Amino acid sequence: MTSRNYKFPLTISSVALIASLGIALHFAYANESEDGASKYQDNDFSAAAEAFQAAADNGDAEAQTSLGIMYLKGEGVDEDEKKALSLFEKAAAQGNVRAEVNLGRMYAKGKAGLVPNYGIAVSWFDKAATQGYADAQYTLGVLYVTGNGVPLNYKKAQELFSSAADQNNASAQYQLGLMNFKGKGMPVNFTEAYKWLSLAGDYDDAAVYRDFVSQKMSKEQVEQAVALADDWKQDQEQNQDKNSEKAGK
Numbered sequence: 207m208t209s210r211n212y213k214f215p216l217t218i219s220s221v222a223l224i225a226s227l228g229i230a231l232h233f234a235y236a237n238e239s240e241d242g243a244s245k246y247q248d249n250d251f252s253a254a255a256e257a258f259q260a261a262a263d264n265g266d267a268e269a270q271t272s273l274g275i276m277y278l279k280g281e282g283v284d285e286d287e288k289k290a291l292s293l294f295e296k297a298a299a300q301g302n303v304r305a306e307v308n309l310g311r312m313y314a315k316g317k318a319g320l321v322p323n324y325g326i327a328v329s330w331f332d333k334a335a336t337q338g339y340a341d342a343q344y345t346l347g348v349l350y351v352t353g354n355g356v357p358l359n360y361k362k363a364q365e366l367f368s369s370a371a372d373q374n375n376a377s378a379q380y381q382l383g384l385m386n387f388k389g390k391g392m393p394v395n396f397t398e399a400y401k402w403l404s405l406a407g408d409y410d411d412a413a414v415y416r417d418f419v420s421q422k423m424s425k426e427q428v429e430q431a432v433a434l435a436d437d438w439k440q441d442q443e444q445n446q447d448k449n450s451e452k453a454g455k
């Protein structure tokens, strides 16, 4: 009698078991990544690297990115740009925006033995910026305002800086202040310049430019700029409260 190989369908309980194991593994990797982040915050870089490595080995994109950054900086591990590049590539392949930005920077600066290539760098920055990542929007905006890797385009730069600034990115707020102050792609507007430089806080030399701009403004104009900055902050707080309410429902 000829024997046959039969494939029996999984029972509902078997499917449930497999699903539960998958969920358990997912949380295990997530916990390792979170443990790494906690250790990093405590400046325990060696322990953080170990935790990130464990999660990264199991495909956790956030852990791969965080570990890659540690390899770039030599924190808790020996500095190794090639390992960083490999980790960023793995995480970027999963759509991790932080990895995409770091990959872009490595190509722009020619890290890990790469030939500097702004074309590839811009493509990675653009992927992350399209997903709404403020750091990518700011970085891409800098390229458009300087004409590095892309045609000089102040309007595009302003759009990108505005999107990042609305996410409270101080770097982008600072750049918007400078654009309004210098009239890059727009009429000179000291009130708007002071507003954005105020929102940028102590980023870079924002305070120096605020003082310089204020010397060209009347007392009333300064007061108006401060009021506009306060209104912007209130709008941001209201939007955050609304988003929190939606998330809670």
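Count along the sequence shown from 1, then add 206; that gives the number in my numbering.
Glycine included, each C-beta is placed from N, C-alpha and C at the ideal position.
Keep in mind the model is a prediction, meaning the values are calculated, not measured.
{"Check": "Which whole-angstrom value is the C-beta distance of VAL351 and LYS390, which I expect to be below 8 Å?", "Outcome": "7 Å"}
{"Check": "Please list, in chain order, all residues of the same chain as GLU429 whose beta carbon is under 7 Å from its beta carbon, the five residues on each side excluded.", "Outcome": "none"}
{"Check": "Please go through the same chain and pick out, in chain order, the residues whose beta-carbon is closer than 8 Å to the beta-carbon of MET392, but skip the five residues on each side of it.", "Outcome": "TYR360, GLN364, MET385, ASN386"}
{"Check": "When the Cα atoms are used, what is the spatial distance from GLN421 to ASP410?", "Outcome": "20 Å"}
{"Check": "Our contact map puts VAL254 next to GLY274 with C-beta atoms below 8 Å; I'd like the distance itself, whole angstroms only.", "Outcome": "Looking at the sequence shown, residue 254 is not Val but Ala. Between GLY274 and ALA254 the Cβ distance is about 13 Å, and since that is not below 8 Å, they are no contact."}
{"Check": "Quick one: does the C-beta of MET276 sit closer than 7 Å to a heavy atom of the ligand COA?", "Outcome": "Because no ligand of any kind appears in the structure shown, any question about the ligand COA cannot be addressed here."}
{"Check": "My assumption, with CB atoms under 8 Å, is that PHE258 sits in contact with SER272. Please give the rounded CB distance.", "Outcome": "5 Å"}
{"Check": "How many angstroms separate the CA atom of ASP241 from the CA atom of ALA261?", "Outcome": "10 Å"}
{"Check": "Would you kindly check if the distance between the Cβ of ALA378 and the Cβ of ALA340 is under 8 Å?", "Outcome": "yes"}
{"Check": "Could you tell me whether the Cβ atoms of MET312 and LEU346 are closer together than 8 Å?", "Outcome": "no"}
{"Check": "Identify the continuous alpha helix (DSSP H) that holds ASN386 and give its terminal residues.", "Outcome": "376-388"}
{"Check": "Are the beta-carbon atoms of GLN442 and ASN375 separated by less than 8 Å?", "Outcome": "no"}
{"Check": "Counting only runs of 3+ residues fully inside the stretch 239-290, write out the beta strand (DSSP E) ranges in chain order.", "Outcome": "none"}
{"Check": "Any idea if GLY383 is buried or exposed, counting beta-carbon neighbours within 10 angstroms, 16 or more meaning buried?", "Outcome": "buried"}
{"Check": "With burial defined as no fewer than 16 other Cβ atoms inside 10 Å of the residue's Cβ, what is the status of ASP266: buried or exposed?", "Outcome": "buried"}
{"Check": "Do GLY310 and ALA299 have their CB atoms nearer than 8 Å?", "Outcome": "no"}
{"Check": "With distance defined between alpha-carbon atoms, name the residue in VAL307, ARG416, PHE396, PHE367 nearest to GLN427.", "Outcome": "PHE396"}
{"Check": "Have a look at ALA435, VAL356, LEU434 and flag the residue whose alpha-carbon is nearest the alpha-carbon of PHE331.", "Outcome": "VAL356"}
{"Check": "Kindly indicate which residue of GLU285, ALA305, ASP248, ASN237 has the alpha-carbon position closest to the one of GLN270.", "Outcome": "ALA305"}
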